[in-house]
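A.B. asks: Residue numbers (my numbering): 1 to 215. Just so it is clear, CB atoms sit at the ideal spot from N, CA and C, and this is done for glycine as well. No experiment lies behind these values; they were computed from the predicted model shown. Here it is, the structure, as structure tokens.
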């Protein structure tokens, strides 16, 4: 039974989600009964690449730089693709690779083209700007952009450079659940990390907001 547009849930009232910025596939309205509807919002999973999906440490000889634009790419385990998809989150590239991530990594991992976070032009010292704001000092240059991109949706950010300053800033500014998960850059994403991510994402139960009764 379709829900009349006039009866659809105002998400900004329950999760502060800006529905104008979200894709139709990430926000679904499910009818539970004639008297109840819920809005189901999938978890975003922001993915870094260097030191996260591609470990900086690895077996074999050290790569010879200059012979390839991406000498560490062979260290990327193709099996990560299906395992990331199995987490049940909406995957988003959050990396300086930008469109190269879809051109080079997505086929390697067996993934479709993913959304890509576009970074603003910032100075090298951006992380220290905003020192007069709570938790502004030492903030990673990606943090503000990811919170803005999430627009209130629950998200996981997987990176090898996350700090306590980033966690504190997100906790203060982001209205929804968030997990900032730092991996060991020498190892990249390993089994224990994937298990922890899966547990957290599963606990979100796909964040739900109660809706208006269905007419």
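Between which two residues does the beta strand (DSSP E) harbouring residue 166 extend?
C.D. replies: In the chain shown, counting from the first residue as 1, residue 166 sits at position 166. Careful: residue 166 lies outside any beta strand (DSSP E), inside the alpha helix (DSSP H) at 164-173.
A.B. asks: Identify whether residue 194 lies in helix, strand or coil by the three-state DSSP scheme.
C.D. replies: If you number the chain shown from 1, residue 194 lands on position 194. DSSP places residue 194 in helix when its eight states are reduced to three.
A.B. asks: Among the candidates 191, 168, 196, 199, whose CA atom is the shortest distance from the CA of residue 77?
C.D. replies: Here the question's residue 77 lines up with position 77 in the chain shown. Residue 191 is the option with its Cα nearest to residue 77.
A.B. asks: Buried or exposed for residue 188, please, with buried defined as at least 16 other CB atoms from any protein chain shown within 10 angstroms of its CB.
C.D. replies: Against the chain shown, residue 188 aligns to sequence position 188. Counting Cβ neighbours within 10 Å, residue 188 comes out buried, since at least 16 surround it.
A.B. asks: Could you tell me the alpha carbon to alpha carbon distance between residue 173 and residue 146, rounded to whole angstroms?
C.D. replies: If you number the chain shown from 1, residue 173 lands on position 173. If you number the chain shown from 1, residue 146 lands on position 146. Between residue 173 and residue 146, the C-alpha separation is close to 11 angstroms.
A.B. asks: Measuring CA to CA, which of 43, 121, 42 is closest to residue 142?
C.D. replies: Translated into positions along the chain shown, residue 142 becomes position 142. With distances taken between Cα atoms, residue 142 lies closest to 121.
A.B. asks: Under 8 angstroms between the Cβ atoms of residue 204 and residue 92?
C.D. replies: The residue labelled residue 204 in the question sits at position 204 within the chain shown. The residue labelled residue 92 in the question sits at position 92 within the chain shown. Cβ atoms of residue 204 and residue 92: not closer than 8 angstroms.
A.B. asks: Buried or exposed, going by whether 16 or more other CB atoms sit within 10 Å of the CB of residue 99?
C.D. replies: The residue you call residue 99 lines up with position 99 of the chain shown. Exposed, because fewer than 16 other Cβ atoms sit within 10 Å of the Cβ of residue 99.
A.B. asks: Buried or exposed: residue 152, going by 16 or more other Cβ atoms within 10 Å of its Cβ?
C.D. replies: Residue mapping note: residue 152 aligns to position 152 of the chain shown, counting from 1. So residue 152 counts as buried.
A.B. asks: Rounded to a whole number of angstroms, what is the C-alpha to C-alpha distance between residue 54 and residue 175?
C.D. replies: Locating residue 54 in the chain shown gives position 54, counting from the first residue. Locating residue 175 in the chain shown gives position 175, counting from the first residue. Cα-Cα distance, rounded: 31 angstroms.
A.B. asks: Buried or exposed: which applies to residue 186, given that a residue is buried once 16 or more other Cβ atoms fall within 10 Å of its Cβ?
C.D. replies: Stepping through the chain shown from its first residue, residue 186 is reached at position 186. Classification for residue 186: exposed.
A.B. asks: Can you tell me whether residue 150 is buried or exposed, with buried defined as 16 or more other CB within 10 angstroms of its CB?
C.D. replies: For the purposes of this step, residue 150 is identified with residue 150 of the chain shown, where counting begins at 1. When all chains shown are included, residue 150 counts as buried.
A.B. asks: For residue 77, name the three-state secondary structure that DSSP assigns.
C.D. replies: By 1-based counting over the chain shown, the position of residue 77 is 77. Residue 77 falls in the coil class under three-state DSSP.
A.B. asks: What residue does the alpha helix (DSSP H) around residue 109 start on, and which one ends it?
C.D. replies: Numbered from its first residue, the chain shown carries residue 109 at position 109. Its alpha helix (DSSP H) spans residues 106-109.
A.B. asks: Could you tell me the alpha carbon to alpha carbon distance between residue 138 and residue 86, rounded to whole angstroms?
C.D. replies: As a position in the chain shown, residue 138 is number 138, starting the count at 1. As a position in the chain shown, residue 86 is number 86, starting the count at 1. Those two C-alpha atoms are separated by around 34 angstroms.
A.B. asks: Could you pull the DSSP bridge partners for residue 93 from this structure?
C.D. replies: Here residue 93 corresponds to residue number 93 of the chain shown, with the count starting at 1. 47, 116, per the DSSP bridge assignment.
A.B. asks: On a CA-only basis, which of 148, 110, 79 is nearest residue 119? Give me that one, please.
C.D. replies: Numbered from 1 along the chain shown, position 119 holds the residue referred to as residue 119. It is 148 whose Cα lies nearest to the Cα of residue 119.
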